[in-house]
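Numbering (our numbering), first residue to last: 214 to 814. Built from N, CA and C at the ideal position, the CB exists for glycine as well. Heads up, the thing below is written out as structure tokens.
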Amino acid sequence: MPRSHVRFWLGLSLLVSLLYCLPALQQAFGNAYVVQDDARQHVTWMLRFVDPDLFPNDLHADYFQAVAPWGYTTFYWVFAKLGISPLLLSKLLPPVLALATTALCFVTVLEILPIPFAGFLASCLLNQGFWMRDDIVSATPVAFVYPFFFAFLYFLLRRQLLPMLGIVALQGLFYPQVLFVYCGILLVRLVRFEGWRPELTRDRWNYRMAIAGLSVAFLVLLPYALRNHGFGPTVTAAESLQMPTFWEPNWSEFYVSKQFDHFIHYWLYGKRAGLFPGDWCTVDYGPLTWLRPEDSDPQTPTVPLSRVRFGLPQVIFGLLLPVLLRFPGRFPLAKRVNGNAHVFMQVIGASVGLFILAHWVRFKLHLPNRHTEHSFRVVAVIAAGIALTLIFDALLRWTQAARVRLVPLALLSSLTLVLLGYPLFLRINENDYPVTDYVIGTAEPALYEFFEQQPKEIQIASIAPEMNNLPSFTRRSLIVGGKGYAIPYHLGYYNEVVGRSIALIQAQYTPSLDVLKQYIQGSQVDFWLLQRNAFRPGYFQINPSLVEYADSLGDLPTQIKDGVVPALSRVPKRCVSYEDQTYQVIDANCVLTLKRLRGGA
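Encoded structure:
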């Protein structure tokens, strides 16, 4: 394998990776007020590294700081001390992680099939997959899974003990959930099959790697097991069954109804409970999404292609690899696939085992899907890259041997065009490709500037969806956040969020000035952000917080519909600190001085 070939295909792989990163970079820096969805929770609190006075006594900042992995926190802390803001770093980091993962994917493939073109194809599929979901682009702990996973496999296949142990430690420090999969892989490698009969391997190297790897994993995971973050116990399976937030269609959906199709959805496609990665199961192909026979009744419902699961090339060709390997006569390169290919089944076996165990001890090993989705993606792109190499080689041989070369050339060209062009038609969970989940502020810049000019210790009350952006754009605290902040896995935190949310909603719509004042004093509210349509009856059907907590609001929506006027809607103009066409900011301290409201006592 000439080094010049390796360098050429590796360089081309890195170039492709960089090209796929460009749209995300354009989105990240295309507006002054842009933040990645998950970064709002997992990165914004780290602005404390730049200014320790930010977010004092902030429930959300304290929680996400308490549960953040130590290595991940330290990584951002180091760059903050070097003068790079955490939010800026979170936008710069995804291309770096993508390039590093691409290189590691490339060299890992060569350990199974020593043909650089196979590494290139796998790297292309990998980068196409990166932008089908927001893992890498979020720059949160999960973004580090893929470079570490490929590095782990690479050093494992090369039998390099010390580098592998270093990756095991780093994985535990950045995203410990996947560390269980590593341990499972090391254990599965101790078993070999003679026919259908399992027996322990005689390879002492596997025992050495397993003992050392499990020891390092234990030492890294022990502090997590002993840590008391102060936000209550982990939710149990029995408790989760009684919590609406875990049932569809709520934000933390885990359970679904018991109907057969939903049962299949729960075990196979569920975002948190399902076996397979969500992006494998929620793909639409743009203009091809809707199928209807030409002679059918126009009233016949159309069928979305998204219901045709596993329609991605990395899945299709990855599943084809075992078939191709059985026909080395037709696919000659199959003979060069070495014994390291056994790692595919070892990874899958360990992941599925942990998936089952995580369902059995629900929430004690985090979410079942987290033990399979990342490893399945890794296996799929490697297997698909190898399978495509075998197919391309067979087509080229056919072209050279055929008298009429049009057919094999047409097949080769068509396959190439499909692989290069299919992302252009993708829609995933109703999002266009690439999926970045960058959030652009919807408010006027003047609103963010107003809050940023206020003292650092202020607290803002709001149920407007824009409130979730305020900590990132203004560096100021919320009384309670909305969607994305109500993480239900630690009850001490979750119950506090729910309690604050319901109390805030009730205070916003109470007709009593005294009740409103009591809430402002008790919750230490400084400013109240309102949407202009917040007091219209229809607001209860469109506001995410009001929809989520509707069952806990009693007859409040009915009262508003019947004409009960909230006290907050009747405060005098002198208490309005800021307003534009969409938003209004009420000075809570001004409200405390009121003796009566507009239009009555």
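Can you check whether the CB of residue j is closer than 9 Å to the CB of residue i?
i: LEU820; j: VAL394; result: Look at the range of the chain in this structure, 214 to 814, and you will see that residue 820 is not part of it.
i: LEU601; j: LEU632; result: yes
i: PHE589; j: SER564; result: yes
i: THR795; j: THR687; result: no
i: VAL229; j: ALA352; result: no
i: GLN721; j: LEU743; result: yes
i: HIS273; j: PRO678; result: no
i: SER690; j: TRP741; result: no
i: MET680; j: ILE671; result: no
i: VAL728; j: SER714; result: no
i: VAL591; j: TYR359; result: yes
i: ALA245; j: PRO750; result: no
i: GLY445; j: ASN708; result: yes
i: ALA162; j: PRO329; result: As displayed, the chain neither begins before 214 nor continues past 814, which places residue 162 out of reach and without an answer.
i: MET377; j: GLY426; result: yes
i: LEU660; j: VAL777; result: no
i: VAL528; j: ALA614; result: no
i: ASN553; j: ILE755; result: no
i: CYS494; j: TYR482; result: yes
i: LEU334; j: LYS669; result: no
i: VAL550; j: ILE599; result: yes
i: PRO647; j: ALA311; result: no
Starting from the C-beta of residue i, find all residues in its chain whose C-beta is less than 6 Å away, skip the five residues before and the five after it, and write them out in chain order.
i: LEU191; result: Nothing can be reported for residue 191, as the shown portion of the chain is limited to 214 through 814.
i: PRO581; result: ALA486, PHE568, ALA571 and HIS572
i: ARG809; result: none
i: SER336; result: SER226, THR315, CYS318 and PHE319
i: GLN373; result: none
i: PHE663; result: TYR791
i: PHE308; result: Note that residue 308 is Pro in the sequence shown here, rather than Phe. Excluding sequence neighbours, PRO308 sits near CYS234.
i: GLY562; result: VAL401
i: LYS730; result: LEU805
i: MET259; result: TYR289 and PRO299
Which residues in the same chain as residue i place their Cβ atom closer than 8 Å to its Cβ, once the five residues preceding and following it in sequence are excluded?
i: PHE576; result: THR447, VAL448, THR449, ALA450, SER453 and TYR702
i: LEU624; result: LEU608
i: PHE242; result: LYS304
i: ALA313; result: PRO360
i: PHE221; result: PRO329
i: PHE208; result: There is no way to answer for residue 208, as the model of the chain reaches only from 214 to 814.
Within its chain, find whatever has a CB closer than 7 Å to the CB of residue i; leave out the 5 residues flanking it on each side and keep chain order.
i: LEU383; result: GLY284 and PHE361
i: ALA430; result: VAL381, GLY385, LEU392, TYR395 and CYS396
i: TYR437; result: PRO389
i: LEU232; result: none
i: ASP271; result: SER690
i: SER465; result: THR458, PHE459 and PRO701
i: ARG583; result: GLN390
i: TYR420; result: LEU403
i: THR771; result: none
i: GLY342; result: GLN527, ARG590 and VAL594
i: ASN340; result: VAL229, SER230, TYR233, ALA311 and THR315
With a cut-off of 8 Å on the beta carbons, I'd call residue i and residue j a contact; round off their distance for me.
i: GLN240; j: VAL247; result: 7 Å
i: TYR367; j: VAL433; result: Actually they are not in contact, since the Cβ atoms of TYR367 and VAL433 sit about 20 Å apart, beyond 8 Å.
i: GLY531; j: VAL496; result: So it is not a contact: roughly 15 Å between Cβ atoms.
i: THR458; j: ALA699; result: 7 Å
i: LEU399; j: ALA364; result: In fact, because the Cβ distance is near 15 Å, the residues do not count as touching under 8 Å.
i: LEU635; j: PRO490; result: The question names Leu, yet the displayed sequence has Tyr at residue 635. Actually they do not touch by this definition, with Cβ atoms about 17 Å apart.
i: GLY332; j: LEU323; result: 5 Å
i: GLU402; j: GLN559; result: In the sequence as displayed, the identity of residue 402 is Arg instead of Glu. With 8 Å as the limit, ARG402 and GLN559 qualify as a contact, their Cβ atoms being about 6 Å apart.
i: PHE357; j: PHE387; result: 4 Å
i: LEU622; j: THR612; result: 6 Å
i: TYR706; j: TYR276; result: 5 Å
Are any of the Cβ atoms in chain B nearer than 9 Å to that of residue i?
i: PHE663; result: The chain inventory of the structure shown lacks chain B, comprising one protein chain alone.
Under the criterion of a Cβ to heavy atom distance below 8 Å, does residue i qualify as lining the ligand NAD?
i: THR353; result: Among the components modelled here there is no ligand, and therefore nothing to report on the ligand NAD.
So, do the stretch 343-350 and the stretch 639-646 have three or more beta carbon pairs nearer to each other than 8 Å?
The stretch 343-350, when compared against the stretch 639-646, does touch it at the 8 Å Cβ threshold.
Which parts of the stretch 256-333 are runs of the alpha helix (DSSP H), unbroken and 4 residues or longer, counting only runs that do not cross its ends?
Taking 4 residues as the minimum length, the alpha helix (DSSP H) runs contained wholly in the stretch 256-333 are 272-280, 283-294 and 299-323, in order along the chain.
Entirely enclosed alpha helix (DSSP H) segments - the stretch 674-747, minimum 4 residues:
If one requires a minimum length of 4 residues, the alpha helix (DSSP H) runs lying completely within the stretch 674-747 are 683-687, 704-722 and 726-736, in chain order.
I'd like to know if the stretch 772-786 and the stretch 797-809 are in contact, where contact means that at least 3 CB-CB pairs between them fall below 8 Å.
Verdict: yes, contact present.
Continuous beta strand (DSSP E) assignments of at least 3 residues falling wholly in the stretch 367-437:
Contiguous beta strand (DSSP E) elements confined to the stretch 367-437 occur at 404-407 and 410-413, taking only those with 3 or more residues.
Pairs of beta-carbons, one from the stretch 251-265 and one from the stretch 293-302, closer than 8 Å: are there three or more?
Touching, yes.
If you scan the stretch 757-784 from start to end, which runs of the alpha helix (DSSP H) of 4 or more residues do you find wholly inside it?
The alpha helix (DSSP H) runs lying completely inside the stretch 757-784 and spanning 4 residues or more are 757-761 and 769-774, given in chain order.
Within the stretch 456-482, note down every full alpha helix (DSSP H) run reaching 4 residues or more, in order along the chain.
Entirely contained in the stretch 456-482, the alpha helix (DSSP H) runs reaching 4 residues are, in chain order, 473-477.
Mind pulling the alpha helix (DSSP H) runs of 4 or more residues that sit fully within the stretch 587-654?
Whole alpha helix (DSSP H) segments, 4+ residues: 619-634.
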